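So the structure is just underneath, and the comments pick up after that.
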Amino acid sequence: PMSNYNLQLLSRDDIEWLRTLRNANRDRFFTSEEITVESQESWFRRATWGDERWVIWDRSTRVGYFSIQAPNAELPIFPSDGRPVRYLSNLLVAEDYRGKGVIQEVRQVLDTYSTVYVGYPQVTNAASLRSCIKMGFINRGLYDHPTYGPMYILWKDK
Numbered sequence: 018p019m020s021n022y023n024l025q026l027l028s029r030d031d032i033e034w035l036r037t038l039r040n041a042n043r044d045r046f047f048t049s050e051e052i053t054v055e056s057q058e059s060w061f062r063r064a065t066w067g068d069e070r071w072v073i074w075d076r077s078t079r080v081g082y083f084s085i086q087a088p089n090a091e092l093p094i095f096p097s098d099g100r101p102v103r104y105l106s107n108l109l110v111a112e113d114y115r116g117k118g119v120i121q122e123v124r125q126v127l128d129t130y131s132t133v134y135v136g137y138p139q140v141t142n143a144a145s146l147r148s149c150i151k152m153g154f155i156n157r158g159l160y161d162h163p164t165y166g167p168m169y170i171l172w173k174d175k
């Protein structure tokens, strides 16, 4: 059965919704300060070329967000066989939609590309770790980041 979820690239019309969702879940991120309207606008304007920022929709309701970015040079990645490596970041699902297949929808999108994905949830973020495992990520160990502390190194390869 086809899901009711679909993806659309993040637009200016989405950024206040995303700011509210991010602030409601800020305890799950490396930086937990409250995001202001001004800082959200600035973040939106300075998007890096090639990064993808996706809003997950259920018909006409925004239900989640994730981004796919170039790997962060500060974080470890394992060598690949020449395929692109991308960083899955900022996965958020609205509370009312948790446990309703949104993560599986993201997995279907990731599985369509021949890309290797890496993710770095904090060891204190059990929900993020569970979500990544649902998407097919494999725990490849721990990394003790000098600023953010211990985090899992997760790897998704086809």
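Residue numbers (this note's numbering): 18 to 175.
A virtual CB, placed ideally from N, CA and C, is assigned to each residue, including glycine.
This one's a predicted model, so the numbers in the text were calculated from it and none came from an experiment.
Supposed close pair Val119, Val110 - CB separation, criterion 8 Å: 5 Å
Continuous alpha helix (DSSP H) stretch holding Leu35: start and end: Ile32 to Ala41
Could you pull the start and end residues of the alpha helix (DSSP H) that Phe83 belongs to? Looking at the DSSP string, Phe83 is not in any alpha helix (DSSP H); the run it does join, the beta strand (DSSP E), is Thr78 to Gln86.
Can you say whether Leu159 is buried or exposed, counting buried as having 16 or more other CB atoms within 10 angstroms of its CB? exposed
Please indicate yes or no: does the CB of Thr132 lie closer than 7 Å to some heavy atom of the ligand ADP? Within the structure as shown, the ligand ADP is missing, as the structure has no ligands at all.
Would DSSP call Asp44 helix, strand or coil? helix
Under 8 Å, with one C-beta from each stretch per pair, do the segment 56-67 and the segment 150-167 reach the 3-pair mark? no
Hey, quick one: how far does the alpha helix (DSSP H) through Asp128 stretch, first residue to last? Val119 to Asp128
Could you tell me the alpha carbon to alpha carbon distance between Val80 and Leu171, rounded to whole angstroms? 24 Å
Specify, as a first and last residue, the run of the beta strand (DSSP E) that Gln25 falls within. Tyr22 to Leu26
Closest Cα partner of Thr53 within the set Gln25, Asp75 and Trp34: Trp34
Is the number of C-beta pairs between the segment 69-84 and the segment 133-145 that are closer than 8 Å three or more? no
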